[in-house]
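Numbering (my numbering), first residue to last: 16 to 286. Structure first, commentary second.
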């Protein structure tokens with residue numbers, strides 16, 4: 016737990032999120048954020064994260080650029096749509112904190128009933144330590160951490176693999192960044208019924224398609240997750256955070272999150 020931070024002290028927690036670079040200005044340019052929105056509208060799977068309802072809404076013309084800018088502004092804590100279109104992206108710390116609190120509630124409920132949880136990331140350079148810390152905590156409280164067999168195919172010369180408890184894509188030379196749904200689809204198909212998926216990118220997308228409760232990390236250039244939430248994909252908790260920080264930083268986020276989960280469990284009389 017970072018410096019015994021009081022998780023109920025919003026100001027202190029928001030300051031820590033800013034200090035860690037997980038909230039505040041992020042190095043996603045205005046052009047990059049708009050490109051993600053426009054390519055989602057074009058139905059490009061890299062930007063829809065393979066989420067069926069998002070792709071269908073785009074195909075049917077139910078989404079438009081102005082509406083998605085307004086949505087992303089709101090989800091990232093901005094008062095006006097135009098505030099999302101600054102020179103660089105920005106995640107307001109209050110939005111990140113609120114998302115973490117909501118996510119801690121979902122995670123805590125699944126852990127309390129000793130549910131089955133799968134973890135997966137398309138951002139191994141930043142999220143592995145965080146997710147592994149959460150998996151270790153969940154297991155210590157009696158939850159089951161689901162894994163499929165390593166080596167299952169997830170693309171041409173790409174394979175499902177694990178780093179600790181976290182599903183990743185590997186080409187056997189390295190662990191890859193990606194947006195594909197296939198890795199988590201393999202987990203869902205081969206690891207038995209799941210109560211929760213914790214992940215990002217297509218890992219979250221696959222869980223959303225399967226109707227599994229999902230805790231998803233969303234950067235400013237990940238509009239598909241916000242759209243899925245708006246379209247009523249549920250249960251889904253979207254946490255706006257910059258997803259490209261070092262693993263040494265995001266593991267501290269995990270410690271904060273675990274403290275939030277524990278605080279909620281104490282309030283419910285579960286520990």
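Think of the CB as a built atom: it goes at the ideal place given N, C-alpha and C, for glycine as much as any other residue.
Since residue 156 contacts residue 269 with CB under 8 Å, what's their CB separation in whole angstroms? Reading the chain shown from its first residue, position 141 is the one you call residue 156. Reading the chain shown from its first residue, position 254 is the one you call residue 269. Contact flag wrong, Cβ pair sits at about 14 Å.
Which partner residues of residue 10 appear in the DSSP bridge assignment? Any answer about residue 10 is impossible in this case: the structure gives the chain only from 16 up to 286.
Under 8 Å: do the stretch 192 to 204 and the stretch 222 to 233 share three or more Cβ pairs, one atom per stretch? Note that the stretch 192 to 204 touches the stretch 222 to 233; at least 3 beta-carbon pairs, one per stretch, sit closer than 8 Å.
For a test of the three-state rule: what should DSSP assign to residue 110, helix, strand or coil? Here residue 110 refers to the residue found at position 95 of the chain shown. It is helical.
Specify, as a first and last residue, the run of the beta strand (DSSP E) that residue 41 falls within. Position 26 of the chain shown, counting from 1, holds the residue named residue 41. Run containing residue 41: 39 to 44, per the beta strand (DSSP E) assignment.
Would you call the CB atoms of residue 166 and residue 175 closer than 8 Å? As a position in the chain shown, residue 166 is number 151, starting the count at 1. As a position in the chain shown, residue 175 is number 160, starting the count at 1. At the C-beta level, residue 166 and residue 175 come within 8 Å of one another.
The beta strand (DSSP E) that contains residue 152, what's its start and end? Here residue 152 refers to the residue found at position 137 of the chain shown. Unbroken run through residue 152 is the alpha helix (DSSP H), 139 to 155; no beta strand (DSSP E).
So, for residue 264: in the same chain, excluding its five sequence neighbours on each side, which residues have a beta-carbon less than 6 Å away from its beta-carbon? Locating residue 264 in the chain shown gives position 249, counting from the first residue. The residues are 35.
Near residue 95, what residues of its chain come up, given a Cβ to Cβ distance below 8 Å and the 5 sequence neighbours on each side ignored? If you number the chain shown from 1, residue 95 lands on position 80. Here the set comprises 88.
DSSP three-state label for residue 230, please. Here residue 230 refers to the residue found at position 215 when the chain shown is read from its first residue. In this structure, residue 230 counts as strand in the three-state DSSP scheme.
Using alpha carbons as the reference points, say which of 44, 232, 69 and 252 lies closest to residue 136. Residue mapping note: residue 136 aligns to position 121 of the chain shown, counting from 1. Nearest option by C-alpha distance: 232.
May I ask you to report which of helix, strand or coil DSSP gives residue 62? Taking the chain shown and counting its residues from 1, one reaches residue 62 at position 47. In this structure, residue 62 counts as helix in the three-state DSSP scheme.
Just how far apart, CA to CA, sit residue 134 and residue 206? Along the chain shown, one-based indexing puts residue 134 at 119. Along the chain shown, one-based indexing puts residue 206 at 191. Cα-Cα distance, rounded: 12 Å.
Hey, could you find the ends of the beta strand (DSSP E) residue 181 is sitting in? In the chain shown, the residue the question calls residue 181 occupies position 166. Segment 181 to 185, the beta strand (DSSP E) holding residue 181.
DSSP three-state label for residue 105, please. Here the question's residue 105 lines up with position 90 in the chain shown. Note: residue 105 maps to strand in three-state DSSP.
Is the stretch 235 to 244 close to the stretch 35 to 47, with three or more CB pairs under 8 Å? The stretch 235 to 244 is in contact with the stretch 35 to 47.
So if DSSP puts residue 168 in a beta bridge, which residue, or which two residues, is it bridged to? For this step, residue 168 is matched to residue 153 along the chain shown. For residue 168, DSSP records a beta bridge to 174.
Determine contact between the stretch 48 to 55 and the stretch 120 to 129, defined as no fewer than three beta-carbon pairs at a distance below 8 Å. No: the two stretches stay apart, fewer than three of their Cβ pairs being nearer than 8 Å.
Measuring only the C-alpha atoms, how far is residue 279 from residue 38? By 1-based counting over the chain shown, the position of residue 279 is 264. By 1-based counting over the chain shown, the position of residue 38 is 23. So the two alpha carbons sit approximately 23 Å from each other.
So what does DSSP say about residue 251, is it helix, strand or coil? Counting from one through the chain shown, the residue named residue 251 turns up at place 236. Residue 251 falls in the strand class under three-state DSSP.
Which residue's Cα is closest to the Cα of residue 55: 241, 256 and 276? Here residue 55 refers to the residue found at position 40 of the chain shown. Each of 241, 256 and 276 was checked against the Cα of residue 55, and the nearest Cα belongs to 241.
Residue span of the alpha helix (DSSP H) that contains residue 22, given as start and end: Numbered from 1 along the chain shown, position 7 holds the residue referred to as residue 22. Counting along the chain, no alpha helix (DSSP H) covers residue 22, and no H or E run does either.
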